[in-house]
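Sequence order for the protein chains is A and B.
If you read the first sequence in our numbering, its first letter stands for residue 4, the second for the next number, and so on.
If you read the second sequence in our numbering, its first letter stands for residue 4, the second for the next number, and so on.
We put the beta carbon where it would ideally sit given N, CA and C, even for glycine.
Structure first, commentary second.
Number of protein chains: 2
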Amino acid sequence: MIGQKIRELREENDFLLRQLAAKMDIDTAQLSKMERGERSFKKEEIIMIAEILNANQEELLTLWLADKIYQIVKGEEQVIEALKIVEHKLPKV
Amino acid sequence: MIGQKIRELREENDFLLRQLAAKMDIDTAQLSKMERGERSFKKEEIIMIAEILNANQEELLTLWLADKIYQIVKGEEQVIEALKIVEHKLPKV
DNA sequence: GTAAATTTGTCAATAACCGTCAAGACAACT
DNA sequence: AGTTGTCTTGACGGTTATTGACAAATTTAC
């Protein structure tokens, strides 16, 4: 989800995996796994990527957060209700 | 949130912490921390508690899941949007 | 004040995560 | 077929986070 988006962005900007990885100062294999959802991005990495690829940071962070949520709720039966509860629990909404 | 609910249920049923802990076969101190949100419940523990306290298992699992989600999203700025994305990503909704 | 119940703190054990590397797969080209 | 470049896979330690177990401290009820 966020990984796929980042891969698209990276390819649009004609960056190779190893080039983006180098700019982020991480291992190429790591980034490969991250883009394919095998490992997860840290928030700081998303921010870094947004800068490097001139992308919308807010949008990426939103996708990143959605991904984290999805990892937790997938497979559970009470997802919808739980999401509703969380929405209502948020401050100043 | 889920902890508070369980504490209420436990007290309604006149169970002491140590009694419920004993039935669950966990440490009393652990359960104390769980009810106060200092540590988290496992799914199996919620199910066990629902049985012991004759409570609505679905409702408890929903609260439990909402809690897990909330732990992740609290403090983030893109929560609402992220929640929406997750909702739309769910199968057969 | 005492006893029971709960909370707090600590520490080792376990599990989850991350960085690094080496080898493998795959396609493009010669 | 062999070479090159890119990406993927798997394995191994190291680090960090979570948990279980216990003792001590605190609170509550009498």
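**Message:** Would B/Ala85 pass as an interface residue toward chain A - the criterion being a Cβ-Cβ separation below 8 Å?
**Reply:** yes
**Request:** Mark A/Glu38 as exposed unless 16 or more other C-beta atoms lie within 10 angstroms of its C-beta, in which case mark it buried.
**Result:** buried
**Asked** Is B/Ile72 near A/Ala69, with beta carbons less than 8 Å apart?
**Response** no
**Residue interval of the alpha helix (DSSP H) (run including A/Arg39)** = No alpha helix (DSSP H) contains A/Arg39, which DSSP labels as neither H nor E.
**Prompt:** Between the stretch 28-54 of chain B and chain A, which residues of the former have CB atoms less than 7 Å from a CB of the latter, in chain order?
**Reply:** none
**Asked** B/Gln7 touches chain A at which residues, Cβ-Cβ below 9 Å?
**Response** Result: empty, since nearest Cβ-Cβ is about 12 Å, beyond 9 Å.
**Message:** Relative to the C-alpha of A/Ile55, which candidate in A/Phe18, A/Leu93, A/Ala32 has its C-alpha closest?
**Reply:** A/Phe18
**Request:** Step through the CB atoms of chain B and report whether any lies within less than 8 Å of the CB of A/Ala69.
**Result:** yes
**Prompt:** Does the Cβ of B/Arg13 have 16 or more other Cβ atoms within 10 Å, making it buried, or fewer, making it exposed?
**Reply:** buried
**Asked** Just checking my contact of A/Leu63 with A/Lys8 at CB under 8 Å: how many whole Å lie between their CB atoms?
**Response** 7 Å
**Asked** B/Ile9: beta carbon under 7 Å from a heavy atom of the ligand HEM?
**Response** Ligands are entirely absent from the displayed structure, and the ligand HEM is therefore not among its contents.
**Prompt:** Under 8 Å between C-beta atoms, does B/Leu64 make it to chain A?
**Reply:** yes
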